[in-house]
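Student: Here's a structure for you.
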């Protein structure tokens, strides 16, 4: 039977088994017609867990990660981010400053979209995030993505030091290999920075096993600064990991998601032999926190795509 | 205090839900005690009996307590557990007789006296409830005796929340039923005193799961629905809440307070408790057809308020369960007696050429026209009633069977596909899934049926999927027949019932259960398990038989 390997995004998370349970339940939620209870459908699932590489301890507040209060999960994610990265402390200060500037200044909840004619987002009510919360989220995002892309040496707990990218790549490859043993089709579902990790491993780690399909949710892969650090393997016309993704890459985004919004569509940046092949789907979430995993998991387009990819 | 190896085995077996192991562990312990000429230490006896009660092994609890008493174990706690088991099995007169002796024997006002009086109240209360308003026999006197039993404790010690809340509930019930209670204590002042006691303990952090349920009941007596929902939220998320406790609370809310699941936001707390019980490990739910209908119509708001983040999900899940129950039928023989269960399926879901016609799937050992299948009901003698689709004031319509469209004998797939004389309308068939749940993630399966052909109750059982012979690692012992094993906590029977995944898709046809079922896939040993046939094995067999031209 099929297998789903999931990979989470930035922030402090509950311990691995609890987080996997949260994700499984999020997918199994909602009306009978649309819920996907993976286990009941015979689909096994696992999680590439890497929060402990950057954070000192798991988040004990598991309930916050299932909360219907949309900001509770975010608060729990970024409540204890530890030391934020500064421009002076970055491996490439210019790169960090540029990325930070774009994320801070180009707020999708405040800006009118460039091409607003016919845009779904025009019809949606825009709520800016509380500033303090947004600042903490972006601080966590910048640090985590920087440490991964620059393979920083990091000590989350006394006596435990990791080369961040090396360790997370190792874990990803290990889980993908184990998932491949479980069954086919093997689909990777990634969220937020998890999409960067998944792409990096599939495109740039030769020993990473192939998968049948990739789903990216709320991905920052469209951001130029992120793409710059995925070269030389990544190029715009040959950015699709053809050797490792045997089927589809489906990218689902909300135009008002603070992470995905800078460049939500990936088909034009990750072409296969110059052709647009990534299936970009706009699925509007609602409310203040559009980057929420739970909201993406509740999306009908996402669920329909996942069912199709898993053949269930 | 140190448990002997034999006593420890009972504790382990009780938690495993293997009834046969519980029984044999209890017997081994008694044997050991006899050999050693020594009764167990009181704390150990209490621990073992508590554990059996917690996991609802009421039969084993009754037998073990009986044997301990016969061995000369004179601990009051043994008598009390014995009485508890007698009450749970409906032997109320016997329970009262033993409890009256216990009440006379134990220290007045001590904890065992409080407990025994509470159980006396519970037994008398059940007699009144079971009388269903009849004036015959001891019904009204039983209500008065129940009130007196709870009151004896509460008058001596007004901090006894459990007894006090029962007193309030029964006084309210007496008022509603027009039963006059002499020397009637003022209900409002009782409620107020109890409310203060609950608040004090809440502030002190000394409330336990039972107290949360009592507090919810107290709020119900005050007509404060928001407080009922808040307390139930605390109750259902308490660490020490279990199936036994939830079943008790549900009984109190439905039987004494007479809440109905379809009565708006207040009634929906019943549906929430039912869902919580069914989702609880070893949860079993017995519902009348009317209760199935009402639960399906429950208000969503209480689910959200009590269960918080998982409320909406649980609401849809429970609603799906009730809708599936509507597609489950009781199969009767000509004298009206129920002989088994069947469920409605759309023809094309089993075999494309069968189209949209609706069929009933059941076991061949329940209905068969083959002379070799002795004991099975012939199809022309069978009538089928979807009990949960009946209007509240009339019985369900009986449908006749035209023929058996396809059949596989009990030793193979044990399945008969029945075609109706008249096409069925207005009842949704059960969806069928080709997938089997994964076996390494504590997956649950659910069986809905009429146990032992029972006419008035549906049994919905939460079962842990133990193993199956399906892909990718299963090794079927007979080619073309994939078996599923799952553990039912209680009631056997329900032949012909659908086995649902947690998604409420049919994955199997239930056909047997045994205390010593050989394990699957070449594994050594036996276990207590139920057995079902994978629905895809049935689909493939139907397809082969149709292609073979026999139909």
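Chains as they are written, first to last, in my numbering: chain A, 16 to 327; chain B, 503 to 1053. Where is the CB? At the ideal position from N, CA and C, for every residue including glycine.
#1: Report all residues from its chain with a CB closer than 6 Å to the CB of residue 709 of chain B; omit the five preceding and five following residues, and keep chain order.
#2: Return the Cβ separation of residue 330 of chain A and residue 202 of chain A in integer angstroms, given the expectation that the two are a contact with Cβ distance under 8 Å.
#3: What would DSSP say about residue 919 of chain B, mapped onto helix, strand or coil?
#4: Grab me the residues of residue 652 of chain B's own chain with a C-beta within less than 6 Å of its C-beta, minus the 5 sequence neighbours each way, in chain order.
#5: Which residue wins for smallest C-alpha separation from residue 204 of chain A, given the options A:177, A:266 and A:34?
#6: Would you call the segment 609 to 619 of chain B and the segment 582 to 595 of chain B touching, i.e. three or more CB-CB distances under 8 Å?
#7: Starting from the beta carbon of residue 82 of chain A, find every residue of chain B whose beta carbon is closer than 9 Å, and list them in chain order.
#8: Helix, strand or coil: how does DSSP classify residue 835 of chain B here?
#9: Residue 1003 of chain B touches chain A at which residues, Cβ-Cβ below 8 Å?
#10: Residues of the segment 920 to 945 of chain B with a CB closer than 9 Å to any CB of chain A: list them in chain order, please.
#11: Please confirm whether residue 235 of chain A has its beta-carbon closer than 8 Å to some beta-carbon of chain B.
#12: Kindly identify the DSSP beta-bridge partner or partners of residue 694 of chain B.
#13: Between the segment 50 to 70 of chain A and the segment 27 to 37 of chain A, do three or more beta carbon pairs fall short of 8 Å?
#14: If I follow the unbroken alpha helix (DSSP H) through residue 804 of chain B, where does it start and stop?
#15: Would you say residue 575 of chain B and residue 547 of chain B are within 8 Å of each other, going by their C-beta atoms?
#16: Under 8 Å by Cβ, that's how I've got residue 922 of chain B and residue 903 of chain B pegged, so tell me the actual separation to the nearest angstrom.
#17: Measuring CB to CB, does residue 629 of chain B end up less than 8 Å from residue 641 of chain B?
#18: DSSP three-state label for residue 825 of chain B, please.
#19: May I have the straight-line CA-CA distance separating residue 673 of chain B from residue 648 of chain B, to the nearest angstrom?
#20: Would you list the one or two residues that DSSP bridges to residue 980 of chain B?
#21: Give the residues of chain A in contact with residue 523 of chain B, contact being defined as C-beta atoms less than 9 Å apart.
#22: Quick check: residue 683 of chain B and residue 738 of chain B, are their CB atoms within less than 8 Å of each other?
#23: Taking the DSSP output, what are the residues bridged to residue 295 of chain A?
#24: With DSSP as the reference, label residue 1016 of chain B as helix, strand or coil.
#25: Examine chain A for any beta-carbon lying closer than 8 Å to the beta-carbon of residue 992 of chain B, and answer yes or no.
#26: Does the CB of residue 47 of chain A have a neighbour CB from chain B at under 8 Å?
#27: Who are the Cβ neighbours of residue 235 of chain A in its own chain at under 6 Å, not counting the five residues just before and after it?
#28: Looking only at its chain, what residues have a beta carbon closer than 7 Å to the beta carbon of residue 1023 of chain B, apart from the 5 residues adjacent to it on each side?
#29: State the beta-bridge partners of residue 861 of chain B as determined by DSSP.
#30: For a test of the three-state rule: what should DSSP assign to residue 648 of chain B, helix, strand or coil?
#31: Determine the direct distance from the alpha carbon of residue 858 of chain B to that of residue 632 of chain B, and round the result to whole angstroms.
#32: Indicate whether residue 720 of chain B and residue 743 of chain B have their beta-carbon atoms separated by less than 8 Å.
#33: Would you say residue 974 of chain B reaches chain A, if we count a Cβ-Cβ gap shorter than 8 Å as a contact?
#34: Where residue 90 of chain A and residue 307 of chain A are concerned, what is the direct C-alpha to C-alpha distance, given to the nearest angstrom?
#35: Use the C-beta contact count for residue 590 of chain B: other C-beta atoms within 10 angstroms, 16 or more gives buried, fewer gives exposed.
Tutor: Here's the rundown:
#1: Once the five neighbours on either side are set aside, the close Cβ partners of residue 709 of chain B are 703.
#2: Since the displayed chain A opens at 16 and closes at 327, residue 330 of chain A lies outside it and no answer follows.
#3: Strand, per DSSP.
#4: Cβ within range, chain order: 623, 665, 668 and 669.
#5: Nearest Cα to residue 204 of chain A within the set A:177, A:266 and A:34: A:266.
#6: Yes, the segment 609 to 619 of chain B is in contact with the segment 582 to 595 of chain B.
#7: Counting only Cβ-Cβ distances below 9 Å, residue 82 of chain A has contacts in chain B at 810 and 811, in chain order.
#8: Coil, per DSSP.
#9: Neighbours of residue 1003 of chain B on chain A, chain order: 52, 55 and 56.
#10: Going along the segment 920 to 945 of chain B in chain order, one finds 935, 936, 937, 938, 939, 940, 942, 943, 944 and 945 with a Cβ nearer than 9 Å to chain A.
#11: No, residue 235 of chain A does not count as interfacial toward chain B.
#12: Bridge partners of residue 694 of chain B: none, in fact.
#13: Yes: at least three Cβ pairs fall under 8 Å.
#14: Where residue 804 of chain B is concerned, the enclosing alpha helix (DSSP H) stretches over 802 to 809.
#15: Between residue 575 of chain B and residue 547 of chain B, the gap from beta carbon to beta carbon is short of 8 Å.
#16: With 8 Å as the limit, residue 922 of chain B and residue 903 of chain B qualify as a contact, their Cβ atoms being about 6 Å apart.
#17: Yes. Within cutoff.
#18: When secondary structure is reduced to three states using DSSP, residue 825 of chain B falls in the helix class.
#19: Whole-angstrom Cα-Cα distance: 10 Å.
#20: Its beta-bridge partners are B:983.
#21: None at all; the shortest Cβ gap to chain A is about 27 Å.
#22: No.
#23: Paired residues: A:266.
#24: Three-state result, residue 1016 of chain B: strand.
#25: Its pLDDT being 48, under 50, residue 992 of chain B is placed unreliably in this model, and the value from its coordinates should be taken loosely. The Cβ of residue 992 of chain B sits no closer than 8 Å to any Cβ of chain A.
#26: Look at residue 47 of chain A: its C-beta is under 8 Å from a C-beta on chain B.
#27: Here the set comprises 241 and 274.
#28: Here residue 1023 of chain B has 969, 971, 976 and 977 as same chain residues with Cβ atoms under 7 Å from its own Cβ, once five neighbours each way along the sequence are excluded.
#29: Bridge pairing for residue 861 of chain B: B:847 and B:921 [DSSP].
#30: If DSSP states are grouped into helix, strand and coil, residue 648 of chain B belongs with the helices.
#31: C-alpha separation (whole angstroms): 44 Å.
#32: No, these two residues do not count as a Cβ contact at 8 Å.
#33: The Cβ of residue 974 of chain B sits closer than 8 Å to at least one Cβ of chain A.
#34: Cα atoms of residue 90 of chain A and residue 307 of chain A: separation of roughly 11 Å, rounded to the nearest angstrom.
#35: Under a 10 Å Cβ-count criterion, residue 590 of chain B is classified as buried, with 16 or more other Cβ atoms of the shown protein chains found around its own Cβ.
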